[in-house]
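First the structure, in the form of structure tokens, and then the observations on it.
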Amino acid sequence: MKKSILLLILILTLNCSSTNTKKHEPELSFEEKIDLLEYNLILPFKWHPYLDIHKDIAFSPLITSDKNSRVHILIMKIPPSEHNDISLKEIAEKGNKNLAKYLTVYGAKITTEQSKFGETCINTYSYTLNSNKIKLEKTYFKFQEDYYCFIYASDESLFPKYYTDSKKIFESLKFKE
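Reading the sequence shown from the start, the letters are residues 663 to 839 in the working numbering.
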């Protein structure tokens, strides 16, 4: 009898300790995510915001408005753990190395120039995914104490068509203070 009670207590203890106590926060609506953006920008005619496949706010021309957009822009804040004591160029190189673990990257070129945010590192490269050639331009920059990456990505064939739009969007980028 005592063994049965001890066994029951042990089972209950193990079951309770393995229960996931992490609370799931309610998912934010699209409008709430837009309101929480740390920045404002001006989109060219026929561009719009949408939720990408990772449920992040991205921007795309209307002709490609789906979760697997063939042309899109994404602005990401780089977590401090990924940029402590390293330069923008080193962050870009680190990104290439991480991507190269999963995909064949070709035509990679990293340049540094001045923008309205100061020193800016631009990483341009291409890769093939599911028989589609994708071209990206990742622009790394610092605003106040935070690091960001402005990503323009598209099918390689569409890259030149929307490149000027991507540059205008980057130039219109203003952070809320």
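All C-beta atoms in this analysis are idealised placements derived from N, C-alpha and C, irrespective of residue type, glycine included. Please read these numbers as outputs of a predicted model, since none were measured by experiment.
Asked                                                                                                                             : Found
Cys678 classed as buried or exposed, judged by whether at least 16 other C-beta atoms fall within 10 angstroms                    : For Cys678, the predicted model reports a pLDDT of 48, less than 50, meaning its position is unreliable; a value from the coordinates is still stated below. Exposed, because fewer than 16 other Cβ atoms sit within 10 Å of the Cβ of Cys678.
Contacts around Thr766, its chain only, beta-carbon distance under 7 Å, and the 5 residues preceding and following it disregarded : Tyr789, Thr790
Test item: CB-CB of Leu798 and Ile784 under 8 Å                                                                                   : no
With 16 other Cβ atoms within 10 Å as the buried cut-off, status of Gly769                                                        : exposed
Delimiting residues of the alpha helix (DSSP H) encompassing Ser834                                                               : 821-834
Straight-line gap, Glu693 to Phe707 (C-alpha atoms, nearest Å)                                                                    : 20 Å
For Pro711 and Leu690, the rounded distance between their alpha carbons                                                           : 15 Å
Under 8 Å between C-beta atoms of Lys739 and Tyr802                                                                               : no
Exposed unless 16 or more other CB atoms sit within 10 angstroms - verdict on Leu835                                              : buried
Where Gly780 falls, given that 16 or more other Cβ within 10 Å makes a residue buried                                             : exposed
Status (buried if at least 16 other CB within 10 Å, exposed otherwise) for Pro606                                                 : The structure shown has nothing for residue 606, since the chain only spans 663 to 839.
Sequence-distant residues of the same chain with beta carbon closer than 7 Å to Asn916, five excluded per side                    : Because the chain spans 663 through 839 in this model, residue 916 falls outside it and cannot be assessed.
Distance between Asp808 and Ser743 (C-alpha atoms, nearest Å)                                                                     : 11 Å
Run of the beta strand (DSSP E) containing Phe805, from where it starts to where it stops                                         : 794-805
Buried or exposed by the 16-neighbour rule on C-beta atoms within 10 Å, applied to Ala762                                         : exposed
Exposure of Ser819, with buried meaning 16 or more beta-carbon neighbours within 10 Å                                             : exposed
Identity of the residue in Lys823, Trp709, Asp718 nearest Leu699 by Cα                                                            : Asp718
Residue closest to Leu713, alpha-carbon to alpha-carbon, out of Leu703, Tyr701, Ile735                                            : Ile735
Collapsed DSSP secondary structure at Asn760 in the structure displayed                                                           : helix
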